[in-house]
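Note that full-length UniProt numbering has the sequence shown beginning at 1, numbered continuously upward.
Below you'll find the structure, written out as structure tokens, and then a few comments.
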Amino acid sequence: MRAVVFDLDGTLVDSVAAIADVGNSLMLELGLAALSVDEARGYIGNGAAKFVERALAARAVDADAATLAHHVERFEEIYGAAPGSANPPFAGAELALTTLKAEGVRIGLCTNKPGIPTANLLAALGWSELFEVVIAGDSLATRKPDPAPLVEAARRLGIEVSAPGFAYVGDSEVDAETAERAGSRFALFTRGYRKQPVAALPHTIAFDDLSALPALLADLAAR
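Take a look at the structure:
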């Protein structure tokens with residue numbers, strides 16, 4: 001049996017501009033300077049709460065826990081209402097997913113994006129039926145880089161996260177740490193939102209062309 005679990009933002013979709021727009025709706029409400037796309041890219045990866053915390057810190061806003069929680073709640077409201085169609089797939093993403101599906105590979109998603117915007121995005125792209133399992137940032141009590149979401153995604157696909165036929169595909173330091181802590185093979189997409197050089201991130205394989213991924217994963221599973 002073979003199974004693959006994907007990260008979403010920075011791996012399958014180039015969502016940074018859409019997330020920046022959501023963040024800037026909150027910044028506008030708070031009377032704060034807008035985030036640049038490059039700023040927003042640096043805040044993505046650890047979930048909505050960490051994104052808001054980093055954005056506020058960048059504007060020298062020292063919010064207490066209750067105030068931060070209120071701002072995160074508002075951010076998630078805006079995020080949930082944002083159009084999923086504003087997140088363009090990376091070139092080759094849909095081909096990779098449909099090819100893997102046609103090959104009989106079981107496919108899951110493990111993202112720190114909240115569940116509602118994740119579902120909206122998948123529906124807008126026509127991808128809802130491609131994933132047998134979706135673990136979002138609010139599906140469990142923990143999120144990546146805790147390995148529990150990835151382990152749970154693999155479990156629901158009926159495979160051990162450490163099995164030779166399993167791989168996790170992601171783009172960032174968070175994803176690399178998640179895979180390492182879970183004991184999973186990790187395929188690093190090098191055109192995503194990582195902050196460090198490729199060599200600094202633990203990975204099994206690295207690639208920059210999603211359309212080539214099915215063949216790479218088939219070779220990896222045969223090792």
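Using N, Cα and C, we set each Cβ at its ideal position, and we do this for glycine too.
Going along the chain, which residues of its own chain have a beta-carbon closer than 6 Å to the beta-carbon of residue i, five neighbours each way excluded?
{"i": "residue 190", "result": "198, 206 and 208"}
Between which two residues does the beta strand (DSSP E) carrying residue i extend?
{"i": "residue 108", "result": "106-110"}
{"i": "residue 188", "result": "186-189"}
{"i": "residue 170", "result": "166-170"}
{"i": "residue 5", "result": "3-6"}
State yes or no: is the C-beta of residue i within less than 8 Å of the C-beta of residue j?
{"i": "residue 97", "j": "residue 130", "result": "yes"}
{"i": "residue 166", "j": "residue 184", "result": "yes"}
{"i": "residue 150", "j": "residue 4", "result": "no"}
{"i": "residue 132", "j": "residue 107", "result": "yes"}
{"i": "residue 196", "j": "residue 173", "result": "yes"}
{"i": "residue 49", "j": "residue 72", "result": "yes"}
By Cβ distance, which residues of its chain are closer than 8 Å to residue i, with the 5 residues on each side in sequence left out?
{"i": "residue 180", "result": "186 and 202"}
{"i": "residue 89", "result": "12, 13, 14 and 125"}
{"i": "residue 16", "result": "9, 10, 37, 40, 41, 44 and 193"}
{"i": "residue 142", "result": "148 and 149"}
{"i": "residue 120", "result": "80, 82, 83 and 84"}
Excluding the 5 residues flanking residue i on each side, which residues of the same chain have their C-beta closer than 7 Å to its C-beta?
{"i": "residue 177", "result": "145"}
{"i": "residue 157", "result": "3, 106, 108, 132 and 133"}
Between the Cα of residue i and the Cα atoms of the options, which residue gives the shortest distance?
{"i": "residue 110", "options": "73, 148, 195 and 26", "result": "148"}
{"i": "residue 29", "options": "169, 43, 70 and 192", "result": "70"}
{"i": "residue 116", "options": "100, 75, 216 and 160", "result": "75"}
{"i": "residue 55", "options": "65, 67, 27 and 66", "result": "27"}
{"i": "residue 67", "options": "53, 79 and 80", "result": "53"}
{"i": "residue 219", "options": "100, 87, 22 and 114", "result": "100"}
{"i": "residue 212", "options": "188, 86 and 223", "result": "188"}
Just reading off the alpha helix (DSSP H) that residue i is part of, what are its end residues?
{"i": "residue 20", "result": "16-29"}
{"i": "residue 200", "result": "No alpha helix (DSSP H) holds residue 200; DSSP gives it neither H nor E."}
{"i": "residue 135", "result": "That residue, residue 135, is in no alpha helix (DSSP H); its beta strand (DSSP E) goes 133-135."}
Problem set entry | the stretch 21-41 touching the stretch 55-65, judged by at least three CB pairs closer than 8 Å | yes
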